[in-house]
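Visitor:
Spelled out as structure tokens, the structure:
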């Protein structure tokens, strides 16, 4: 099937950053066939969509998320050390396979409505997240959590290691789901288990993702125990490599950055959750200068509260310009790159995703410019970073299939999905009362 989108400001996000205004994109059987400046005679298509002058760009890529943590949103937001004080205990007490399934569906709906077409996830019962991706049509890079304690899906510490391998074998090669492995963090796994997790990623040629250099107490632990930073520790283990996607990486030394660059590891930057928790601002300027691929991540709804990358782009601009005392640093065009091509590079998917080019998968988002907050629009990149929000997403396509049209989900009933989640969250809410 051929779909033609015309009358758009097309941001290709390719190497040359081509922009076509007005421009068109033709897709065929799930891939981009051609695109360019609008011409008098446009190619024939089975369906033609008039973009109305809106901004058409590659789908956003959320490189770090815990999508089933939707029930935690707005719960204890200002509580210090939430992770150990009630997130871990409440997960074990009240998170179930059924609630993961309901929460994943709801969170995916939120992402699609915000133009996110691919996301990376780390959680439990990840098979349910994969089923939700398959049902709703989004791309998921999904990792079963490996951690040295009892969890909601494993009575035994490190039970996630076996679950992760089974998950990878079950879903590898799927069109939408890319199974990976996700050891929770540098300080919540033993050295042996970190190595085993990374060896699993190598065995199946997939990603290994974990939290690294995020917490103050994490840094203190490695300094006191090993005289190293967390990144140096990972390097000593042989875990720092081109199959590693490290999330957060807030507290990095010059040596850490060199090691990340030399190892060809990639980084997910979660500016929203990091600054909300008062943890700091990662040295993204230095990471990019060292040619380390960096993508944007929302973290879970428990940490960042929202799963859209518009919020992350705006926060990124504000915090990094302030941190570096430089208004000209990170022009909007560069920030949009982080949310699209940067994300694709962190996942090693840049040959298929992240830019609008012939042969690539037709994952696209159309942001309308008719709403009150979008006029006037001198610079489409600036409009995306500083003016737009998720409510401006008009159309979303994944693999050539239109999943959002007219700001509404095409194949999912959001009201029904929310009602099902609301009905299924009762016991979780009751358990949460003792932690608030």
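Numbering (my numbering), first residue to last: 18 to 453.
Even glycine gets a Cβ: it sits at the ideal position worked out from N, Cα and C.
#1: Based on Cα-Cα distance, which residue from 216, 121, 204 and 393 lies nearest to residue 148?
#2: Quick check on residue 187: buried or exposed, where buried means 16 or more other Cβ atoms within 10 Å of its Cβ?
#3: In three-state terms, what does DSSP make of residue 355?
#4: In three-state DSSP terms, what is residue 77?
#5: Looking only at its chain, what residues have a beta carbon closer than 6 Å to the beta carbon of residue 398, apart from the 5 residues adjacent to it on each side?
#6: Would residue 421 and residue 410 be called neighbours here (beta carbons separated by less than 8 Å)?
#7: Residue 390: buried (16+ other C-beta within 10 angstroms of its C-beta) or exposed?
#8: Counting C-beta neighbours from all protein chains within 10 Å, is the total for residue 284 16 or more, i.e. buried, or is it exposed?
#9: So does the stretch 289-308 actually touch the stretch 372-385, counting three or more Cβ pairs closer than 8 Å?
#10: For residue 219, count neighbouring C-beta atoms within 10 Å of its own C-beta (all shown protein chains included) and say buried if the count is 16 or more, exposed if not.
#11: Does the Cβ-Cβ distance between residue 182 and residue 217 come in under 8 Å?
#12: Check whether the stretch 43-61 and the stretch 89-96 touch, using three or more Cβ-Cβ pairs below 8 Å as the test.
#13: How big is the Cα-Cα spacing for residue 435 and residue 273?
#14: Using DSSP bridges, identify the partner residues of residue 228.
#15: Tell me whether residue 138 sits in a helix, a strand or coil according to DSSP, three-state version.
#16: Between the C-alpha atoms of residue 453 and residue 99, what's the straight-line distance to the nearest angstrom?
#17: Please report the Cβ distance between residue 252 and residue 227, rounded to the nearest whole angstrom; I am assuming they are in contact, meaning their Cβ atoms lie under 8 Å.
#18: Decide yes or no for the touch test of the stretch 254-267 against the stretch 226-241: beta carbon pairs closer than 8 Å, at least 3 of them.
Guide: This is what the structure holds:
#1: 121
#2: exposed
#3: Here residue 355 sits in helix by DSSP.
#4: In this structure, residue 77 counts as strand in the three-state DSSP scheme.
#5: 349, 350 and 353
#6: Result yes, Cβ atoms of residue 421 and residue 410 sit closer than 8 Å.
#7: Label assigned to residue 390: exposed.
#8: Buried, by the Cβ-count rule.
#9: no
#10: exposed
#11: yes
#12: The stretch 43-61 is not in contact with the stretch 89-96.
#13: 43 Å
#14: 202 and 264
#15: strand
#16: 10 Å
#17: About 14 Å; that fails the 8 Å criterion.
#18: yes
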